[in-house]
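Working notes for the structure below.
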Amino acid sequence: MIDLNGKKTLITGGSRGIGRATALLFAKAGSDVAISYLSREKDAGSVRAEIGRIGRECLVYKANISVKNDVDDMVEGLIQKWGKIDILVNNAGITRDGFFLKMKEEEWDAVMAVNLKSVFNCSKAIIRYMTKQRAGNIINIASVVGQMGNIGQANYAASKAGIIGLTKTMAREFGSRGINVNAVAPGFIDTEMTRSLPEKAKEAFLRNIPMGRMGTPEEVAETVLFLATDASRYITGQVINVNGGLYM
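Spelled out as structure tokens, the structure:
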């Protein structure tokens with residue numbers, strides 16, 4: 019049985035979708051959980067209340083994690099409160115879709131900042147504490163789009179491919195210090211982000227999925243949980259696909 023009792027976890031973008039599902043699953047496994055959010059205060063409060071009902075502590079931080087000072091303040095607060103952070107799940111992400119030639123510079127910059135720079139910021143702030151502990155797990159949420167590309171998502175695909183490269187580099191640099199760094203690459207998952215897609219686009223995705231359906235946030239969360247436990251202690255630098263066979 020998976021047991022995270024005594025563990026402390028930070029999940030960025032934890033107010034909805036995959037982040038929310040991961041936060042609730044980790045709490046059920048025994049971990050206290052902190053989540054960051056930027057604009058979904060009500061959703062973040064809902065996660066905190068639900069984790070409280072599970073019987074675990076949930077700390078909520080409003081932070082722009084693409085800004086170093088915001089991240090440093092959040093991590094400092096967590097260390098003062100908990101004394102450690104055992105698990106970091108870099109989940110926060112946005113889309114600003116558009117065809118390459120029509121994509122604005124600010125759309126490129128926004129996606130790269132939230133999706134990729136935030137992983138750098140959060141990992142750098144936390145990993146120095148993990149090195150002192152000689153233990154830690156970092157799980158970065160990438161995407162199938164970062165592996166195979168997607169029309170109209172040059173910025174999103176580049177940011178997620180960047181996460182994969184960063185994951186592998188960090189795994190090489192910190193493996194000897196007891197820190198495992200892996201990525202999970204979800205495919206077409208039933209979230210608010212994918213529900214906003216036109217029906218024709220959804221149908222086109224589904225035709226290319228051998229399992230013939232979208233995944234759920236909970237199915238992604240279960241893989242993240244596995245990577246946060248001792249069951250995966252000899253796994254690092256890997257990209258685990260959760261995509262129903264969309265990309266093999």
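No gaps in the numbering here: position 33 of the sequence shown is 51 in this note's numbering, and each next residue is one more. All residues carry an ideal CB built from backbone N, CA and C; glycine is no exception.
inquiry  = Quick check on the DSSP output: the alpha helix (DSSP H) that includes K186 runs from which residue to which?
reply    = 172 to 192
ask   = Per DSSP, which one or two residues make a beta bridge with G116?
value = Q171
query = If you run the structure through DSSP and keep just helix, strand and coil, what is Y252?
reply = coil
query = Do L43 and A239 have their C-beta atoms closer together than 8 Å?
reply = Against a cut-off of 8 Å, the Cβ pair of A239 and L43 comes out as a contact.
ask   = Does DSSP put N87 in a helix, in a strand, or in coil?
value = helix
query = So, is L96 buried or exposed, given that buried needs 16 or more other C-beta atoms within 10 angstroms?
reply = buried
request  = Can you give me the start and stop residues for the alpha helix (DSSP H) that A222 sits inside?
outcome  = 217 to 225
inquiry  = Measuring straight from C-alpha to C-alpha, what distance separates M121 and R71?
reply    = 44 Å
message = What would DSSP say about I156, mapped onto helix, strand or coil?
response = strand
Environment of R38 [buried if 16+ CB atoms lie within 10 Å] = Buried, since its Cβ has 16 or more Cβ neighbours within 10 Å.
ask   = What does DSSP give as the partner residues of C76 in its beta bridges?
value = V51
request  = Using the Cα positions of K80 and K60, report the straight-line distance between them to the nearest angstrom.
outcome  = Straight-line measurement puts the Cα of K60 at about 11 Å from the Cα of K80.
ask   = Would you say the region 143 to 156 touches the region 93 to 109, given that touching needs at least three Cβ pairs under 8 Å?
value = yes
ask   = Which one of Y55, S194, T27 has the shortest CA to CA distance from G35?
value = Y55
query = Y174: buried (16+ other C-beta within 10 angstroms of its C-beta) or exposed?
reply = buried
query = What's the gap between the Cα of I159 and the Cα of D248?
reply = 19 Å
query = If we count Cβ pairs, one from each stretch, closer than 8 Å, do we get three or more for the region 258 to 266 versus the region 193 to 202?
reply = yes
task = Per DSSP, which residues does T30 bridge with? Please list them.
result = Bridge partners of T30: none, in fact.
request  = To the nearest angstrom, report how far apart V132 and A172 are at their CA atoms.
outcome  = 15 Å
ask   = Is the Cβ-Cβ distance between I207 and L264 less than 8 Å?
value = Cβ distance not < 8 Å, so I207 and L264 don't count as in contact.
query = Does DSSP put G278 in a helix, in a strand, or in coil?
reply = As shown, the chain starts at 19 and ends at 266. That puts residue 278 outside it, with no answer to give.
query = Closest to G31 by CA distance: which of K46, A179, N23, A52 is it?
reply = A52
ask   = Is it buried or exposed for M188, if we count other Cβ within 10 angstroms and need 16 for buried?
value = buried
query = With 16 other CB atoms within 10 Å as the buried threshold, where does F117 fall?
reply = exposed
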